[in-house]
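Residue numbers (my numbering): 855 to 1024.
Heads up, the beta-carbon is just placed ideally off N, CA and C, and yes, glycines get one too.
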């Protein structure tokens, strides 16, 4: 599986810098899961580091249909990670109608949607007794929402602050 190969390579290059003997089973994290490679890679990487990882997919107005959600479930099962899907479609509508930070490409309120989803992840983190939220964001990958200022802004405005981990930005 390509994800396992990528994680193994990342572990070889980064793992030597991680104190792998520390027990982290009691540290639970919620991993934001879009269904893309970056988010599952970040989640599996954290799992390999010994964290107790739960995937979270936030269902919103532009999310996949039931067939798409089934693909999410299958990918989560292949990775050996539990998946929780939260339907936040109705809450998402207000973010779309009045994006605080404006619209991105194709009338997509990128930064506002990121903050919205992180707020949902924070709520789930608190409900589940987790200590952190993990994302697969990569600095500079998306010009509107993944530049340094936007990533800091999302951390702060979501209320997560330093409880938001972005292992692919390390």
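- Item | Reference residue 944; option with closest CA among 928, 913 and 935 | Here residue 944 refers to the residue found at position 90 of the chain shown. For the residues 928, 913 and 935, the minimum Cα distance to residue 944 belongs to 913.
- The beta strand (DSSP E) with residue 882 in it runs from where to where? Residue mapping note: residue 882 aligns to position 28 of the chain shown, counting from 1. Its beta strand (DSSP E) spans residues 882-886.
| task | Run through the stretch 904-945 for me and flag every whole alpha helix (DSSP H) of 4 or more residues, listed as ranges in chain order. | result | 920-933
Query - Distance between residue 922 and residue 981 (C-alpha atoms, nearest Å) - result: Counting from one through the chain shown, the residue named residue 981 turns up at place 127. Counting from one through the chain shown, the residue named residue 922 turns up at place 68. Straight-line Cα distance between these residues: approximately 26 Å.
Within a Cβ cutoff of 8 Å, which residues of the same chain sit near residue 888, ignoring the five residues on either side of it in sequence? Taking the chain shown and counting its residues from 1, the one referred to as residue 888 is at position 34. 911 and 990.
Endpoints, beta strand (DSSP E) assigned at residue 988 = The residue given as residue 988 occupies position 134 in the chain shown. Its beta strand (DSSP E) spans residues 986-988.
Would residue 907 and residue 883 qualify as a contact pair, given that the criterion is a beta-carbon distance under 7 Å? Looking up residue 907 in the chain shown gives position 53. Looking up residue 883 in the chain shown gives position 29. For residue 907 and residue 883, yes; Cβs fall inside 7 Å.
ask   = Can you name the start and end residues of the alpha helix (DSSP H) that residue 972 belongs to?
value = Taking the first residue of the chain shown as position 1, residue 972 is located at position 118. Element bounds for residue 972: 964-982.
I'd like the list of long-range same chain contacts for residue 890, defined as Cβ closer than 8 Å, with 5 residues on each side in sequence excluded. The count along the chain shown starts at 1 and reaches residue 890 at position 36. The answer, listed in chain order, is 990.
**Message:** For a test of the three-state rule: what should DSSP assign to residue 895, helix, strand or coil?
**Reply:** Taking the first residue of the chain shown as 1, we reach residue 895 at position 41. DSSP places residue 895 in helix when its eight states are reduced to three.
**Item:** Chain-order list of residues whose beta-carbon lies under 8 Å from that of residue 1023 (same chain, five-residue window excluded)
**Value:** For the purposes of this step, residue 1023 is identified with residue 169 of the chain shown, where counting begins at 1. Contacts found: 991, 992, 993 and 1005.
Discussion item. With three or more C-beta pairs closer than 8 Å as the rule, is the stretch 962-971 touching the stretch 921-940?
Written reply: no
Next on the checklist: Per the DSSP calculation, residue 1019 is bridged to which residue(s)?
Outcome noted: Translated into the one-based positions of the chain shown, residue 1019 becomes position 165. Beta-bridge annotation (DSSP): residue 1019 is paired with 988.
Point to revise | Nonlocal neighbours in the same chain, by C-beta distance under 7 Å from residue 901, ignoring five residues either side | key: Within the chain shown, the letter at position 47 stands for residue 901. Contacts found: 907 and 935.
Inset, instruction - Could you round the C-beta distance between residue 978 and residue 1014 to whole angstroms and report it? I think they count as a contact, below 8 Å. - result: Stepping through the chain shown from its first residue, residue 978 is reached at position 124. Stepping through the chain shown from its first residue, residue 1014 is reached at position 160. So it is not a contact: roughly 12 Å between Cβ atoms.
Helix, strand or coil for residue 993 per DSSP? Reading the chain shown from its first residue, position 139 is the one you call residue 993. Coil at residue 993, not helix or strand.
- Which same chain residues, not among the five before or five after residue 1010, have their C-beta less than 7 Å away from its C-beta? Mapped onto the chain shown, residue 1010 falls at position 156. Hits under 7 Å: none found.
Let me know if residue 893 comes out buried or exposed under the rule of 16 or more other beta-carbons within 10 Å of its beta-carbon. In the chain shown, residue 893 corresponds to position 39, counting from 1. The residue is buried, with at least 16 neighbouring Cβ atoms inside 10 Å.
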